[in-house]
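Residue numbering for the sequence shown follows our numbering, starting at -10 and increasing by one per position.
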Amino acid sequence: MKIIFATQNAGKAKEVKAIFADSSIEIISLYDLGNNIDIEEHGTTFRENAFIKARTVYDIYKVPVVADDSGLEISQLDGRPGVYSARYAGENCTYEDNNLRVIDELKEFPEPHRAKFISYAVYYDGKNEREAVGELHGYIIKEQRGTNGFGYDPIFIPDGYEKTISELDFDFKNTISHRARSFTVLKEKLIVLD
Ligand code: IMP
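Structure follows, in structure tokens:
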């Protein structure tokens, strides 16, 4: 079965393709299709936004779609950036801008800065819906370290480790991450549809 992954994020696409590599499901991202559609994420939850992405892309291609909405929730910031993770420092901001804003906002709080990544992964084929959620718990540090990954990876240390996700290697991130967890469960739910 071929499934479109409703993302233009090359980092996410690489992770999810690797998760499905051992299955009969082939993942094709919007990035691969050269489609740079701007999907307005007007939902207030990760789940809502994930289904908005999946349904929007299904309506264009009429083939099965998976999507994820994900982000970082920081306890001392009352769960921010949350669903606003992608554009926390403003429209057209870079990952680094977001990281620097988070570091700046946390200056007034004592360490540790507890945080978690969440990935809400969904499937939609015009008829069936499936969903799964994954979390990765850890804490935020006050400088950016490492070059792997994307987004908030350089400032996030998972519980039980001493390195940021950007200092850990790709294959390893893809065994412990929120997205690895959500899509591994979603994959099992899709294999029965295949
Ligand atoms: P989305 O594409 O709307 O799901 O936006 C997710 C945003 O959350 C990304 O742009 C990143 O800023 C952040 N994010 C989600 N997953 C990760 C991850 O695995 N590592 C680092 N940042 C992430």
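Backbone N, C-alpha and C fix where the C-beta goes; we use that ideal spot for every residue, glycine too.
| query | result |
| --- | --- |
| Return helix, strand or coil for TYR109, following the three-state DSSP convention. | strand |
| If you reduce the DSSP assignment to three classes, tell me which class GLU37 lands in. | helix |
| Report yes if the CB atom of PRO147 is closer than 8 angstroms to the CB atom of GLN133, and no otherwise. | no |
| What does the alpha-carbon distance come out to for the pair ILE(-7) and GLY123? | 20 angstroms |
| Less than 8 angstroms between the C-beta atoms of ALA169 and ILE17, yes or no? | no |
| Please name the residue in ASN81, MET(-10), GLY0 whose C-alpha comes closest to that of ASN163. | GLY0 |
| Which partner residues does TYR128 have in the DSSP bridge list? | ARG103, ILE146 |
| So, with DSSP's three-state summary, where would you put LYS3? | helix |
| What is the DSSP secondary structure of GLY79, reduced to helix, strand or coil? | coil |
| Starting from the Cα of GLU55, find the closest Cα among GLU120, PRO99, ILE63 and give me that residue. | Going by the sequence as given, residue 55 is Val instead of Glu. That would be GLU120, whose Cα lies nearest to the Cα of VAL55. |
| Which residues mark the beginning and the end of the beta strand (DSSP E) in which LYS(-9) is found? | -9 to -6 |
| Contact check, ASP57 vs GLU30 under 8 angstroms by CB: the rounded distance? | Not confirmed; about 12 angstroms, so no contact. |
| Would you grab the beta carbon distance between ALA(-5) and VAL46 for me? Rounded to a whole angstrom, and I think it's under 8 angstroms. | 4 angstroms |
| Below 7 angstroms CB to CB, which residues in the same chain sit around HIS167 once its five sequence neighbours on both sides are set aside? | SER59, PHE106, ILE107, SER108, GLY123, GLU124, LEU125 |
| What is the C-beta distance between ARG103 and TYR128, in whole angstroms, given that I count them as a contact (C-beta under 8 angstroms)? | 6 angstroms |
| Please enumerate, following chain order, all residues with a beta carbon closer than 5 angstroms to at least one heavy atom belonging to ligand 1. | ASP58, SER59, GLY60, SER74, ALA75, GLY140, TYR141, ASP142 |
| Locate the alpha helix (DSSP H) running through SER18, then write down its first and last residues. | Looking at the DSSP string, SER18 is not in any alpha helix (DSSP H); the run it does join, the beta strand (DSSP E), is 15 to 18. |
| Note down, in chain order, each residue of its chain lying with its Cβ closer than 7 angstroms to the Cβ of LYS(-9), except the 5 sequence neighbours on either side. | GLU15, ILE17, VAL52 |
| Look at the Cβ atom of ASN117, then the Cβ atom of LEU175, and state whether they are nearer than 8 angstroms. | no |
| Just to confirm my understanding: we take THR136, look at its own chain, exclude 5 residues before and 5 after, and list those with CB closer than 7 angstroms. What are they? | SER155 |
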